[in-house]
Every structure is written in structure tokens, then in C-alpha cells.
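**Q**
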Amino acid sequence: MSRIGKLPVTVPSGVDVTIDGQTVTVKGPKGQLSHVVAEPIAVNRDEDGAIAVTRPDDQRKSKELHGLSRTLIANLVTGVTDGYEKKLEIVGVGYRVLSKGPTQLEFSLGYSHTITVDAPEGITFNVEAPTRFSVIGIDKQSVGEVAANIRKLRKPEPYKGKGVRYAGEQVRRKVGKAGK
Numbered sequence: 176m177s178r179i180g181k182l183p184v185t186v187p188s189g190v191d192v193t194i195d196g197q198t199v200t201v202k203g204p205k206g207q208l209s210h211v212v213a214e215p216i217a218v219n220r221d222e223d224g225a226i227a228v229t230r231p232d233d234q235r236k237s238k239e240l241h242g243l244s245r246t247l248i249a250n251l252v253t254g255v256t257d258g259y260e261k262k263l264e265i266v267g268v269g270y271r272v273l274s275k276g277p278t279q280l281e282f283s284l285g286y287s288h289t290i291t292v293d294a295p296e297g298i299t300f301n302v303e304a305p306t307r308f309s310v311i312g313i314d315k316q317s318v319g320e321v322a323a324n325i326r327k328l329r330k331p332e333p334y335k336g337k338g339v340r341y342a343g344e345q346v347r348r349k350v351g352k353a354g355k
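Going by this note's numbering, the sequence shown opens with residue 176, and the numbers climb by one from there.
(1) Let me know the secondary structure DSSP gives V184 once reduced to three states.
(2) Report yes if the C-beta distance between A213 and L182 is below 8 Å; otherwise report no.
(3) Residues in the same chain with beta-carbon distance under 7 Å from H210, minus the five sequence neighbours each way, listed in chain order, please.
(4) On a CA-only basis, which of V310, P231, E320 and I179 is nearest S274? Give me that one, please.
(5) Using a Cβ-Cβ cutoff of less than 7 Å, which residues in the same chain neighbour G203 once the five nearest sequence positions on both sides are dropped?
(6) Provide the residue span of the beta strand (DSSP E) that contains I311, from first to last.
(7) Under the DSSP definition of a beta bridge, which residues are partnered with K202?
(8) Mind checking P295: buried by the 16 CB within 10 Å criterion, or exposed?
(9) Over what stretch of residues does the beta strand (DSSP E) that includes S283 continue unbroken?
(10) Determine the burial state of R329: buried for a count of at least 16 other Cβ atoms within 10 Å of its Cβ, exposed for fewer.
(11) Going by other Cβ atoms of all chains shown within 10 Å of its Cβ, with 16 needed for buried, is G286 buried or exposed?
(12) Name the two residues that bound the continuous beta strand (DSSP E) containing A304.
(13) What's the call for K355, buried or exposed, on a 16-neighbour Cβ count within 10 Å?
(14) Between the region 306-326 and the region 256-267, do three or more beta carbon pairs fall short of 8 Å?
(15) Could you tell me which uninterrupted alpha helix (DSSP H) segments, each at least 4 residues in length, are contained entirely in the region 251-278, listed from first to last along the chain?
(16) Suppose the cutoff is 7 Å on Cβ atoms and the five residues either side in sequence are ignored; what does the same chain contact list for K315 look like?
(17) Going by CA-CA distance only, name the one from N219, G224 and P215 that's closest to P170.
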């Protein structure tokens, strides 16, 4: 049995969960999210209000989807209660970020032009310093995707470590040219 899949998802107070066939909709203080669970997996409510994810058999596909479905539903509950945040930092002389409102950032990353990034719906940006900012939202997948796309603008290079990186990310460094 899947160790993750058999754990029930606890629903905190203030969160409303609606299960309609394969669609799970979660409403909370930060917003509403929904997810369509893959076909062989069943989702039910327990007596104590927790969400139980079950699989019908021990086929490989069912086993693969069991833990995944439970984790995705747990991410929905966490998203509408606490939300998700990815912190990023910029390393490099002259590299910086400017806030153009809560849904727009302007980057100076050593190119001949500045790069403007608009947030998709449900995502906001928070700039703490010219070299530190964060991506905030209730959907874990979209927060991670937006953060990855911003990091892709100028990946950390291995010689000096310049570029956009996740906070706390360790960049593998290479030795440069050897002198005479």
C-alpha cells in the first residue's frame, strides 16, 4: 500500500471541500481551487471530515496515481489556507529587479534592455530588496512554474555564479582558466 496515499488529508476549519465524482473543489480563506482526479482513483470523506483517497486494485497505474492524487489534494488544501511562496535572489553587479505593481516586475540582468514579467492570474510578486523577491500564490504548480520561468531569464552561470537563483540554491562552481 502507498505510504503517502493511505494517509487521510485533514481539512482545517474554515475550509469547504466539495467532491463531485472525480472533481475535488476546495474553498478557503485565500481562494478556491479544483482538481480532477485521474480515473481509477476514488476520493471520499471520512466520518471525522478528512479526505480519504483509495485505489480499486494493485495494478501499476493505480499504484502510481494513488500517492500522487493524495498529494495534489493536500496541496489544494494547503494552498487555500496558507498559500505558497518561492523566494528568489539575483547575484551579479548591476543585476536588479524593480516592482511595477504587485503583478509586474522589471529586471535588469545585463542585457541591452530591461525585461518585464507580468504575473498570470492568481500570482503576485513581492520585492524585498533590489536583489531579492518572491513569487506568491495559492496554486503550487503555477507558483513553481512562474519562478522557474523567471530563473530561466538568466540562469546562474558556473564561473562567477551570476544570475537569478532560488534562495538558498547552491550553484556548482567551476575553476576558471589557469594563469601562467
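Ideal Cβ positions, reconstructed from N, Cα and C, are used throughout, including at glycine.
Nothing here was measured: the structure is a model prediction, and the numbers come from that model.
**A** So, from the listed chains and residues:
(1) For this step, residue 184 is matched to residue 9 along the sequence shown. In the three-state reduction of the DSSP assignment, V184 falls in the strand class.
(2) Numbered from its first residue, the sequence shown carries residue 213 at position 38. Numbered from its first residue, the sequence shown carries residue 182 at position 7. It is not a contact, given that the beta carbons lie outside the stated cut-off.
(3) For the purposes of this step, residue 210 is taken as residue 35 along the sequence shown, with counting starting at 1. Excluding sequence neighbours, H210 sits near V199, L247, I248 and L251.
(4) Translated into positions along the sequence shown, residue 274 becomes position 99. Nearest of V310, P231, E320 and I179 to S274, Cα basis: V310.
(5) As a first step, residue 203 must be located in the sequence shown, where it is residue number 28. Taken in chain order, the residues that qualify are G189, V190, V255 and T256.
(6) Working through the sequence shown from its first residue, we reach residue 311 at position 136. Residues R307 to G312.
(7) Translated into positions along the sequence shown, residue 202 becomes position 27. K202 is bridged to D191 and Q207.
(8) For the purposes of this step, residue 295 is taken as residue 120 along the sequence shown, with counting starting at 1. Answer is exposed; the Cβ neighbour count stays below 16.
(9) As a working mapping, residue 283 is identified with position 108 in the sequence shown. Its beta strand (DSSP E) spans residues Q279 to S283.
(10) By 1-based counting over the sequence shown, the position of residue 329 is 154. Buried, because 16 or more other Cβ atoms sit within 10 Å of the Cβ of R329.
(11) The residue you call residue 286 lines up with position 111 of the sequence shown. It is Tyr, not Gly, that sits at residue 286 in the sequence shown. By the 10 Å Cβ count, Y286 comes out exposed.
(12) The residue given as residue 304 occupies position 129 in the sequence shown. In the DSSP annotation of this structure, the continuous segment of the beta strand (DSSP E) that includes A304 starts and ends at I298 to A304.
(13) One-based indexing of the sequence shown puts residue 355 at position 180. Its Cβ having fewer than 16 others within 10 Å, K355 is exposed.
(14) When C-beta atoms of the region 306-326 are compared with those of the region 256-267, three or more pairs fall below 8 Å, so the two segments count as touching.
(15) none
(16) Within the sequence shown, residue 315 is the residue found at index 140, counting from 1. Correct list, in chain order: N250, G254 and Y259.
(17) Residue 170 cannot be examined here, being either before or after the span of the chain that is shown, 176 to 355.
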